[in-house]
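S.K.:
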């Protein structure tokens, strides 16, 4: 069971990517729990659950260090999503990234 | 070309984007965002009170007779926006300092209210003019919230607080932390407001007035439009960065427009945030609705087709991250020109349409995920010409994107046929 948190600007676009990832995980038979939040809620969301990984959307990568502080405080792995994978077609690459 | 983009990214886009990470701007942004539900719903009561239907219809007659009552939900929310924003800014700033957020919000509201002089009537009631909590209070409430929280922080840093004995539960002890800063703020604000009779709200307004004047002009709308697409070209959320700085100004226009309409006048500010939302960022920042329409028409390559299909529905609701990162537009020299040019041309057209009075100025804020023509119609309080302007802008975007999308598609097709190898 992998618990994944997406952080984007408003929690909207990452919900699309989250769906793509879930579809890919279903196909691969990987159990996955994912949630998407906006950057404003990131601090509470990161602290509020025992995530395996936090994925930061490319359009808010300029705030990566801020999010990293929150994640480091809980010892959670945090990664930037490669821009090209941040699309409805990027599910497979994301699954690889998570399972790395 | 790529090293040039790298240079722009590392030398300009990334450092500039740090602005939005500035603690106080972040608190202001999050404070404003926290009030958006009240703005959206509150502003809708203006349409309910002044429906865009023929004046002889029964509902219109009824609404006109009860206009003040219908507007009460607006009056208690959007109209006195500064009160809510003040709390939101104070709360978020205190939270960012790891101070008690509730204390931060409350001290901020107290400080803001103390900057306003109530009036005393002959019958003995004490009245607070609600309009002082509206558009005129937006900058003052932000500045005063920052002031209040900084005082709270200073007191905590220098241990200026009552020490409770160990046995006192921490929640009780916590509530005493704000006693000294509260006392200090109340004394200072009372001195300014009551003893020296300084109208702080007016002073702060005057300081910010050049900024407020500038934002409504043609350069005042072109600069944010350019900056937003500039950031997005590097894949950075331009709206949230530019908005961190400009949103208080946009919000003031918007609140003032609503106030004027609520008092039977017409809106006079061209450029609240809805200007960009419904007429420029159609389908998302960069007016990528044009890109999608063009791709639907000319797309032949397999990749173009599948990515267009995946992006089309979100684009209807102004979500375009899949386009920016999927096509991609980001750092893609093919799309650089239309991505900047289309919004600029649309801005020119829209600004002149508003300033020539061809379309009513906006005072309603529909949720940003509505399809643009509907959003534009509602934002203007139901002016059908807003739909026409929005459709014209969509056509402009499509025409400008068209040749570049064709170039992109040919390129993808060549890749798929193995004519060029991807670098």
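Chains as they are written, first to last, in my numbering: chain A, 1188 to 1287; chain B, 2 to 424.
The beta-carbon is built from N, C-alpha and C at its ideal position, and this holds for glycine as well.
Where does residue 264 of chain B land, buried or exposed, given buried means 16+ other C-beta within 10 angstroms?
M.R.: Here residue 264 of chain B refers to the residue found at position 263 when the second chain is read from its first residue. Counting Cβ neighbours within 10 Å, residue 264 of chain B comes out exposed, since fewer than 16 surround it.
S.K.: Are the region 189-204 of chain B and the region 114-123 of chain B touching, with three or more C-beta to C-beta distances below 8 Å?
M.R.: yes
S.K.: Please confirm whether residue 281 of chain B and residue 288 of chain B have their CB atoms less than 8 Å apart.
M.R.: Position 280 of the second chain, counting from 1, holds the residue named residue 281 of chain B. Position 287 of the second chain, counting from 1, holds the residue named residue 288 of chain B. In this structure, residue 288 of chain B lies closer than 8 Å to residue 281 of chain B by Cβ.
S.K.: In this structure, how does DSSP classify residue 1256 of chain A when only helix, strand and coil are distinguished?
M.R.: Indexing the first chain from 1 puts residue 1256 of chain A at position 69. Helix.
S.K.: Whether or not the region 97-113 of chain B and the region 33-41 of chain B are in contact is what I'm after, with contact meaning three or more pairs of Cβ atoms, one per stretch, closer than 8 Å; do they touch?
M.R.: At 8 Å Cβ cutoff, the stretches do not touch.
S.K.: Apply the 10 Å Cβ neighbour rule to residue 1248 of chain A and answer buried if 16 or more other Cβ atoms are within range, or exposed otherwise.
M.R.: For the purposes of this step, residue 1248 of chain A is identified with residue 61 of the first chain, where counting begins at 1. With 16 or more other Cβ atoms within 10 Å, it is buried.
S.K.: Using the DSSP secondary-structure output, state which residues sit across from residue 87 of chain B in a beta bridge.
M.R.: Here residue 87 of chain B corresponds to residue number 86 of the second chain, with the count starting at 1. Answer by DSSP bridge pairing: none, since residue 87 of chain B is not bridged.
S.K.: In whole angstroms, what is the alpha-carbon distance linking residue 347 of chain B and residue 15 of chain B?
M.R.: Here residue 347 of chain B is taken as the residue at index 346 of the second chain, counted from 1. Here residue 15 of chain B is taken as the residue at index 14 of the second chain, counted from 1. Rounded to whole angstroms, residue 347 of chain B to residue 15 of chain B spans 27 Å at the Cα level.
S.K.: Is residue 1262 of chain A helix, strand or coil by DSSP?
M.R.: Counting from 1 along the first chain, the entry for residue 1262 of chain A is found at position 75. In this structure, residue 1262 of chain A counts as coil in the three-state DSSP scheme.
S.K.: Select from the region 354-387 of chain B all residues with a C-beta closer than 8 Å to any C-beta belonging to chain A, and list them in chain order.
M.R.: 370
S.K.: Listing by chain order, which chain A residues have their CB less than 7 Å from the CB of residue 238 of chain B?
M.R.: Within the second chain, numbered from 1, the residue matching residue 238 of chain B stands at position 237. Within 7 Å Cβ-Cβ: 1196, 1246, 1247.
S.K.: Do you know offhand how far residue 169 of chain B's Cα is from residue 1276 of chain A's?
M.R.: Counting from one through the second chain, the residue named residue 169 of chain B turns up at place 168. Counting from one through the first chain, the residue named residue 1276 of chain A turns up at place 89. Looking at the two C-alpha atoms, the distance is approximately 57 Å.
S.K.: Over what stretch of residues does the alpha helix (DSSP H) that includes residue 202 of chain B continue unbroken?
M.R.: Along the second chain, read from residue 1 onward, the residue named residue 202 of chain B stands at position 201. Looking at the DSSP string, the run of the alpha helix (DSSP H) that includes residue 202 of chain B is 201-215.
S.K.: Within the continuous alpha helix (DSSP H) that includes residue 1208 of chain A, where are the two ends?
M.R.: In the first chain, counting from the first residue as 1, residue 1208 of chain A sits at position 21. That run of the alpha helix (DSSP H) goes 1200-1215.
S.K.: Drop a sphere of 10 angstroms on the beta-carbon of residue 67 of chain B, count the other beta-carbons inside from all chains shown, and report buried for 16 or more, exposed for fewer.
M.R.: As a first step, residue 67 of chain B must be located in the second chain, where it is residue number 66. Flag for residue 67 of chain B reads exposed.
S.K.: Within the continuous alpha helix (DSSP H) that includes residue 320 of chain B, where are the two ends?
M.R.: The residue you call residue 320 of chain B lines up with position 319 of the second chain. Segment: none, residue 320 of chain B is in no alpha helix (DSSP H) and carries neither H nor E.
S.K.: CA-CA distance, residue 358 of chain B and residue 22 of chain B?
M.R.: Here residue 358 of chain B corresponds to residue number 357 of the second chain, with the count starting at 1. Here residue 22 of chain B corresponds to residue number 21 of the second chain, with the count starting at 1. Between residue 358 of chain B and residue 22 of chain B, the C-alpha separation is close to 38 Å.
S.K.: Where residue 162 of chain B and residue 45 of chain B are concerned, what is the direct C-alpha to C-alpha distance, given to the nearest angstrom?
M.R.: The sequence position of residue 162 of chain B within the second chain is 161, counting from 1. The sequence position of residue 45 of chain B within the second chain is 44, counting from 1. Cα-Cα distance, rounded: 45 Å.
S.K.: Count the other CB atoms, across all protein chains shown, that sit within 10 Å of the CB of residue 399 of chain B; report buried if there are 16 or more and exposed otherwise.
M.R.: Here residue 399 of chain B corresponds to residue number 398 of the second chain, with the count starting at 1. With 16 or more other Cβ atoms within 10 Å, it is buried.
S.K.: Mind checking which residues open and close the beta strand (DSSP E) that includes residue 1220 of chain A?
M.R.: Translated into the one-based positions of the first chain, residue 1220 of chain A becomes position 33. Per DSSP, residue 1220 of chain A belongs to the beta strand (DSSP E) from 1219-1225.
S.K.: Counting beta carbon pairs with one atom in the region 73-82 of chain B and one in the region 132-149 of chain B, are three or more of them shorter than 8 Å?
M.R.: yes
S.K.: Within the 8 Å Cβ cut-off, does residue 410 of chain B reach chain A?
M.R.: By one-based count along the second chain, residue 410 of chain B stands at place 409. No, residue 410 of chain B lies away from the interface with chain A (no Cβ there is under 8 Å from its Cβ).
S.K.: Which residue from B:316, B:262, B:419 puts its Cα closest to that of residue 284 of chain B?
M.R.: Taking the first residue of the second chain as 1, we reach residue 284 of chain B at position 283. Among B:316, B:262, B:419, the Cα nearest to that of residue 284 of chain B belongs to B:316.
S.K.: Helix, strand or coil for residue 1282 of chain A? Go by DSSP, reduced to three states.
M.R.: Working through the first chain from its first residue, we reach residue 1282 of chain A at position 95. Looking at residue 1282 of chain A - three-state DSSP - the assignment turns out to be helix.
S.K.: Which residue or residues does DSSP assign as beta-bridge partners of residue 1240 of chain A?
M.R.: If you number the first chain from 1, residue 1240 of chain A lands on position 53. In the DSSP output, where bridge partners are listed per residue, residue 1240 of chain A has A:1191, A:1264.
S.K.: Tell me which residues share the same chain as residue 459 of chain B and place their Cβ nearer than 6 Å to its Cβ, disregarding the 5 neighbours each side in the sequence.
M.R.: Look at the range of chain B in this structure, 2 to 424, and you will see that residue 459 of chain B is not part of it.
S.K.: Got a sec, what are the start and stop residues for the alpha helix (DSSP H) residue 394 of chain B sits in?
M.R.: In the second chain, residue 394 of chain B corresponds to position 393, counting from 1. It spans 385-417 - the alpha helix (DSSP H) in which residue 394 of chain B sits, taken as one unbroken run.
S.K.: Check whether the region 184-192 of chain B touches the region 233-250 of chain B, taking contact to mean three or more Cβ pairs, one atom from each stretch, closer than 8 Å.
M.R.: Because the criterion of three Cβ pairs below 8 Å is not met, the region 184-192 of chain B and the region 233-250 of chain B do not touch.
S.K.: Classify residue 327 of chain B as buried or exposed, calling it buried when 16 or more other Cβ atoms lie within 10 Å of its own Cβ.
M.R.: Taking the second chain and counting its residues from 1, one reaches residue 327 of chain B at position 326. Burial call: buried.
S.K.: For residue 149 of chain B, tell me which candidate among B:104, B:355, B:416, B:126 has the shortest Cα-Cα distance.
M.R.: Here residue 149 of chain B is taken as the residue at index 148 of the second chain, counted from 1. When only C-alpha atoms are compared, the closest one is B:104.
S.K.: Below 7 Å CB to CB, which residues in the same chain sit around residue 1209 of chain A once its five sequence neighbours on both sides are set aside?
M.R.: The residue labelled residue 1209 of chain A in the question sits at position 22 within the first chain. Non-local beta-carbon contacts of residue 1209 of chain A in its own chain, meaning distances under 7 Å to residues more than five positions away in sequence, involve 1219, 1221 in chain order.
S.K.: Near residue 122 of chain B, which residues of its chain fall below 8 Å by C-beta distance, leaving aside the five closest residues on each side in sequence?
M.R.: Residue mapping note: residue 122 of chain B aligns to position 121 of the second chain, counting from 1. Listed in chain order, the non-local C-beta contacts of residue 122 of chain B below 8 Å within the same chain comprise 128, local neighbours out to five positions each way being set aside.
S.K.: How many Å lie between residue 1205 of chain A and residue 248 of chain B at the Cα?
M.R.: Here residue 1205 of chain A is taken as the residue at index 18 of the first chain, counted from 1. Here residue 248 of chain B is taken as the residue at index 247 of the second chain, counted from 1. Going by the C-alpha atoms only, they are around 29 Å apart.
S.K.: Quick one: which residues of the region 1223-1241 of chain A get their C-beta closer than 9 Å to a C-beta of chain B? List them in chain order.
M.R.: 1225, 1226, 1227, 1230
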